[in-house]
Amino acid sequence: MERGKITTVNALSVLALIAALSALGFSWLSFSGYRNNDAAAEEINEIRQEIKTEKADLDARSHLLSLKTRIMSGEDYSQIAQEAEEVRENLKEAYGEASLAAQERWREIDGNFEALRDDLRSESVGSIQSLQNALEALQKSIETDGN
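Be aware that the sequence shown starts at 1, since it is given in the UniProt record's numbering, and climbs by one per residue.
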């Protein structure tokens with residue numbers, strides 16, 4: 001009889017060990033899945049930010065094309081300068097939480113906007129070229145985002 005009790009105890013111990021290992025395995029899988037969810041959420045946020053900056057680039061490019069037409073038609077430079085500054089501020093906000101690569105592109109774009117601002121304030125004939133440079137920087141950024 002003693003021998004039968006030991007076997008039952010051993011069998012129960014083995015079952016308890018299997019249950020404990022299963023629980024440990026499920027816990028590890030749950031934790032591993034949680035980490036993967038964090039990685040997926042981070043990737044989604046990065047994609048969302050890329051879309052935000054690309055949309056801002058496209059909106060800015062569209063607006064600058066309109067401003068270029070208005071400059072060429074002889075419209076008041078001060079109004080155009082104000083609108084160009086608004087476009088710049090919108091871009092600055094969009095790039096605020098962007099990746100390091102995107103922020104590097106922003107510095108180039110921003111430099112073009114500074115030159116445009118200076119040319120518009122002085123009502124320089126170089127305003128059209130400065131505006132074209134800003135358009136090209138935005139186009140370059142759009143093409144980079146797409147890759």
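Here a beta-carbon is modelled for each residue, glycine too, at the ideal position from N, C-alpha and C.
Where does residue i sit, in a helix, a strand or coil, going by DSSP?
i	result
residue 78	helix
residue 25	helix
residue 123	coil
For residue i, is the classification buried or exposed, using 16 other Cβ atoms within 10 angstroms of its Cβ as the cut-off for buried?
i	result
residue 61	buried
residue 137	buried
residue 48	exposed
residue 157	What the structure shows of the chain is the stretch from 1 to 147, and residue 157 is not part of that stretch, so it cannot be assessed.
residue 105	buried
residue 91	buried
Report yes if the CB atom of residue i is closer than 9 Å to the CB atom of residue j, and no otherwise.
i	j	result
residue 94	residue 67	no
residue 87	residue 58	no
residue 141	residue 54	yes
residue 77	residue 42	no
Just to check my reading of the structure: residue i and residue j have Cβ atoms closer than 8 Å, yes? What is that Cβ distance to the nearest angstrom?
i	j	result
residue 81	residue 131	Going by Cβ atoms, the distance from residue 81 to residue 131 rounds to 11 Å, so no, they are not a contact pair.
residue 71	residue 128	6 Å
Any alpha helix (DSSP H) of 4 or more consecutive residues that is wholly inside the stretch 51-116: 77-94
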